[in-house]
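Q:
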C-alpha cells in the first residue's frame, strides 16, 4: 500500500508539473478494463452539431457584425428618448432581468418635432424617418453606446433621399466629448430617389460610449431609408472573432433558424436586397428581427465553417405549401420558379440542403401554431410530402417528445421521417455529482425509451429511425449576455462531457445532437461588443470534437462519481480514454487493456480547476483553459485531477 501511494505521488509530479496533492486528496488507483476487441457502432460525427436561433444576442450582437440597433427603423423615433426597458420574464424559464429594446434607439438632434415618421413611400418596413430642417439649424438623429476601439476601422452605408437644399448631410462617428474626437463624412449629392452612400471611419480612441450621428445642415427635408455600421474587418457581415471560435468548434452541422422563432417566421422575409428586407417583431422572443441574416447568409456561414446546414421549416403558423417552396428555393434548379428567384438573388447553383427539421416543439402550448397531436400528425405528413415532392433526397427530422407524442409520431409518421428529434434542458443542482450527471441520465433515458418503441411499434419494423437530440444543454442562472444569456461554469463543462460519453455509449440510437445554442443565449461562446471567448461548455465540446475517437470500445471497472469512456480512431492507430472526475478529490486510474498493444507514452488534454463555479468571460483572461501534458508511462497509475474532464490519447502499436 505504501509503495502504491508513493508511485501515485511520483506520477502526480510527472504529469502535472509539480502539482502536489495531500494524501487525503489521492484515492487508491481504480483498475479500469478496456477491451478493444469489443466495439460498438461508430460515433456519428453529427453528435457534435450546433444550433443557432434568432434569439437574444445569438445572431445579432453575437455572430453578425452589425453595430447599430434598429437600423431599419421598426420603432418610431420620438422626441422622448426611451429605448430600453427591463424584462423580467420572457414567458420561458425565468433567469432574471435583462435589457429589452422597446423603443427607438435613435435620439433626435435638434429641436422637437424635427423628425416625423412617414408611411407612404417608406423605404423598408412600415415607416421611414424624415428630418425637417429650418433656418440652417443642424438637425438629425444619433445612436449612442457604440463600442469603438483605438485604431480600428469601421465601414458603413446609408440610404438617403430628400431635397437638394437639405445638403450638406454629415455622417459623423464620435468617440469623445471634444470636437476633435470625431470623424465626419459629408454627403453633397441628394435627390428625391433613394440612393446608397458608403462611408469609412477610423477611431482614434477606445470607448464604450461612441455614437453615430446623421445631421442635415441645410433647408427642406431628407429621409433616411436605412443605415449600417460594422467593423471593417467583418467577414461578409460576420464577426471575425466569433467566427474564429466557431471554426475551432468544428461542428459538422448547424441547425437554423429555430427553435421557437421558426414557428412564425416567413423565410421569404430573409431574401433579396438586405437593406429592403422588412424588420419584424421577433415572433417568439423579445426585440425585433431585422432579417439581415436569412437563407443566403446562413448558407454563406456554413460555407465559411465548412459545415452542413440543417434548416427548420415553419409548421406552426406557416402553410404546407410554404415548406415545399422553401425546399425549392434552396435546392431547385434554375428551371423552377423559386430556383430562378434564388439565382436572381445571387446564387445560381442549388444549395442542396440535405437536413430539414419539419417544425419545432409543436407539442408545446408555448409554440406558435400549437395544435392537437392528431392534427399535427396530419400536418407533418403533408409537409413532408410537399417537401419530398420537390427533392426526394432530403432527410427529414420530425418533432418528437418522449412519451405519447413520440410514440404517436413514430406510429403514424414513420414513412415521413429519417430521424425523430428530442430536446433536453436541465437546471442547477447544488450537489456537484448530481449536477454533472443530469444530461447523461436524460440521454440514456431517451435512448432506452426509443429502444422500447422499436419493440412494440409495428411501423418501425425494418426501419432505423434514430434520435436527433437537436437541442440539449443546461439552462439556469441570470441572463448576463442578454435574453437567455446565461453564464456557464466548470461544473457545466463536466456535465456536457459526461453527456457526450452517454451519446457514445448509445451510438446505435443517436445520429445527431445539436448543442443549444452556439453564441451567447445558452451558448458555448460568449461575446461582448468587441470580444469573444469560449464558455466552459464550449471548451468541452471543442476538446472532444477535436481529439476523441470514433469507434467506442468496452470499458468496465468504474462507477459513479467517476465516468469513463473510450474509443478508437477510425484507422485504429490510437485510442482515446476520457475520464470525468466531478469530485473535489484527485483520482488515480490504472488501465488494463485487452485486444491490443498500446504505447507507454500518451498525451493528456484536460480542463480542470479548484472551483466548480470557475468561468470564462470575454474581455479578461480565461479561468478555464484546455491544458496538455505528456504521460511517460500510461501503464502505471494515471492521476486525474479534481473537477476535471480528461482525454488521454494513446497510440496503438498492434491489434
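Numbering (my numbering), first residue to last: 623 to 1277.
Heads up, the beta-carbon is just placed ideally off N, CA and C, and yes, glycines get one too.
If you're wondering where the values come from, they're calculated on a predicted model, not measured in any experiment.
1. Can you give me the C-alpha to C-alpha distance between residue 1165 and residue 1060, rounded to a whole angstrom?
2. What span of residues does the beta strand (DSSP E) with residue 1225 cover, start to end?
3. Cα separation between residue 686 and residue 934?
4. Taking three-plus beta-carbon pairs below 8 Å as touching, is the segment 714-729 in contact with the segment 802-811?
5. Does DSSP classify residue 1011 as helix, strand or coil?
6. Is it buried or exposed for residue 862, if we count other Cβ within 10 angstroms and need 16 for buried?
7. To test your reading of the DSSP string, which unbroken beta strand (DSSP E) runs of 3 or more residues are found completely within the segment 653-683?
8. For residue 756, tell me which candidate among 899, 736, 1273 has the shortest Cα-Cα distance.
9. Could you check if residue 706 is buried or exposed, using at least 16 other CB atoms within 10 Å of its CB as the buried criterion?
10. Below 7 Å CB to CB, which residues in the same chain sit around residue 819 once its five sequence neighbours on both sides are set aside?
11. In whole angstroms, what is the alpha-carbon distance linking residue 897 and residue 1273?
12. Quick one: residues in its chain with C-beta nearer than 7 Å to the C-beta of residue 1183, no 5 flanking neighbours on either side, listed in chain order?
13. Whole angstroms are fine: how far does the CA of residue 1014 sit from the CA of residue 1157?
14. Going by beta carbon distance, what residues of the same chain come within less than 6 Å of residue 644, once the five residues before and after it are set aside?
15. Identify, in the order they occur along the chain, each residue of the same chain with its Cβ nearer than 7 Å to the Cβ of residue 1179, setting aside the five sequence neighbours on each side.
16. Would you check if the distance between the CB atom of residue 1187 and the CB atom of residue 1173 is smaller than 8 Å?
17. In the DSSP assignment, the alpha helix (DSSP H) including residue 1052 goes from what residue to what residue?
18. Check residue 933 in the structure and name its three-state DSSP category.
19. Note down, one range per segment and in chain order, each alpha helix (DSSP H) of at least 4 residues found wholly within the segment 835-890.
20. Rounded to whole angstroms, what is the Cα-Cα separation between residue 1134 and residue 969?
21. Excluding five sequence neighbours on each side, which residues of the same chain lie with their C-beta closer than 6 Å to the C-beta of residue 784?
22. Considering only residues of the same chain and omitting the five flanking positions on each side of residue 1005, which have a CB-CB separation below 6 Å?
23. Excluding the 5 residues flanking residue 848 on each side, which residues of the same chain have their C-beta closer than 7 Å to its C-beta?
24. Are the beta-carbon atoms belonging to residue 1196 and residue 1275 less than 8 Å from one another?
25. Measuring alpha carbon to alpha carbon, tell me which residue in 1021, 1119, 949 is nearest residue 1011.
26. By the three-class DSSP mapping on this structure, what secondary structure does residue 961 have?
27. Quick check on DSSP: helix, strand or coil for residue 966?
28. For the alpha helix (DSSP H) that residue 1077 lies in, which residues bound it at each end?
29. Which one or two residues does DSSP pair with residue 1169 in a beta bridge?
30. Measure the alpha-carbon distance for residue 647 versus residue 1207 and round it to whole angstroms.
31. Check whether the Cβ atoms of residue 1262 and residue 1268 sit closer than 8 Å, and answer yes or no.
A: The structure says:
1. Mapped onto the chain shown, residue 1165 falls at position 543. Mapped onto the chain shown, residue 1060 falls at position 438. Between the alpha carbons of residue 1165 and residue 1060 lies a distance of about 20 Å.
2. Here residue 1225 corresponds to residue number 603 of the chain shown, with the count starting at 1. Following the DSSP letters along the chain, one finds residue 1225 inside the beta strand (DSSP E) bounded by residues 1224-1230.
3. Counting from 1 along the chain shown, the entry for residue 686 is found at position 64. Counting from 1 along the chain shown, the entry for residue 934 is found at position 312. For residue 686 and residue 934, the distance between alpha carbons rounds to 20 Å.
4. In short, these stretches do not touch, since the Cβ pair count stays below three.
5. What you label residue 1011 is simply residue 389 of the chain shown in a count that begins at 1. DSSP places residue 1011 in helix when its eight states are reduced to three.
6. On the chain shown, residue 862 is found 240 positions in, with the first residue counted as 1. Around the CB of residue 862, fewer than 16 other CB atoms lie within 10 Å, so the residue is classed as exposed.
7. Runs found: 671-673.
8. Taking the first residue of the chain shown as position 1, residue 756 is located at position 134. Across the set 899, 736, 1273, the C-alpha of 736 shows the shortest separation from the C-alpha of residue 756.
9. Sequence index remark: in the chain shown, residue 706 carries index 84 (1-based). Taking all protein chains in view, the Cβ of residue 706 is surrounded by fewer than 16 other Cβ atoms within 10 Å, so the residue is classified as exposed.
10. Taking the chain shown and counting its residues from 1, one reaches residue 819 at position 197. Sequence-distant partners of residue 819 (beyond 5 residues in either direction) whose C-beta falls short of 7 Å from its own C-beta, in its chain, are 779, 780, 782, 809.
11. Within the chain shown, numbered from 1, the residue matching residue 897 stands at position 275. Within the chain shown, numbered from 1, the residue matching residue 1273 stands at position 651. Using only the alpha carbons, I get a separation of about 54 Å.
12. Position 561 of the chain shown, counted from the start, is the residue given in the question as residue 1183. The residues are 1055, 1204, 1205.
13. Numbered from its first residue, the chain shown carries residue 1157 at position 535. Numbered from its first residue, the chain shown carries residue 1014 at position 392. Looking at the two C-alpha atoms, the distance is approximately 40 Å.
14. Locating residue 644 in the chain shown gives position 22, where the first residue counts as 1. Residue placement at residue 644 is poorly supported in this model, since its pLDDT is 43, which falls under 50; the coordinates still yield a value, given next. Excluding residues within five positions, none has a Cβ falling inside 6 Å.
15. Taking the first residue of the chain shown as 1, we reach residue 1179 at position 557. Cβ within range, chain order: 652, 653, 654, 655.
16. Stepping through the chain shown from its first residue, residue 1187 is reached at position 565. Stepping through the chain shown from its first residue, residue 1173 is reached at position 551. For the pair residue 1187 and residue 1173, the CB atoms are not nearer than the 8 Å cut-off.
17. Here residue 1052 corresponds to residue number 430 of the chain shown, with the count starting at 1. No alpha helix (DSSP H) holds residue 1052; DSSP gives it neither H nor E.
18. As a working note, residue 933 is residue 311 in the chain shown. Correct three-state label for residue 933: strand.
19. Every alpha helix (DSSP H) of 4 residues or more that sits fully in the segment 835-890 is shown, in chain order, as 862-871.
20. Walking along the chain shown from the start, residue 1134 turns up at place 512. Walking along the chain shown from the start, residue 969 turns up at place 347. A straight line joining the alpha-carbon of residue 1134 with that of residue 969 spans about 28 Å.
21. What you label residue 784 is simply residue 162 of the chain shown in a count that begins at 1. Excluding its 5 nearest sequence neighbours in each direction, residue 784 has C-beta neighbours in its own chain below 6 Å: 812, 843, 844, 845, listed in chain order.
22. Sequence index remark: in the chain shown, residue 1005 carries index 383 (1-based). Excluding sequence neighbours, residue 1005 sits near 937, 942, 945, 980.
23. What you label residue 848 is simply residue 226 of the chain shown in a count that begins at 1. Here residue 848 has 693, 694, 745, 746, 781, 897 as same chain residues with Cβ atoms under 7 Å from its own Cβ, once five neighbours each way along the sequence are excluded.
24. Reading the chain shown from its first residue, position 574 is the one you call residue 1196. Reading the chain shown from its first residue, position 653 is the one you call residue 1275. No.
25. Numbered from its first residue, the chain shown carries residue 1011 at position 389. Minimum Cα distance to residue 1011 is reached at 949.
26. Position 339 of the chain shown, counted from the first residue, corresponds to residue 961. DSSP, reduced to helix, strand and coil, places residue 961 within a helical segment of the structure shown.
27. The residue given as residue 966 occupies position 344 in the chain shown. Residue state for residue 966 is assigned as helix, using DSSP reduced to three classes.
28. Within the chain shown, residue 1077 is the residue found at index 455, counting from 1. Residues 1060-1078.
29. Position 547 of the chain shown holds residue 1169. None, per the DSSP bridge assignment.
30. Numbered from 1 along the chain shown, position 25 holds the residue referred to as residue 647. Numbered from 1 along the chain shown, position 585 holds the residue referred to as residue 1207. At residue 647, the pLDDT of 49 sits below 50, so the modelled position is not reliable and the matter cannot be decided from this model.
31. Here residue 1262 corresponds to residue number 640 of the chain shown, with the count starting at 1. Here residue 1268 corresponds to residue number 646 of the chain shown, with the count starting at 1. Going by beta carbons, residue 1262 and residue 1268 fall inside the 8 Å limit.
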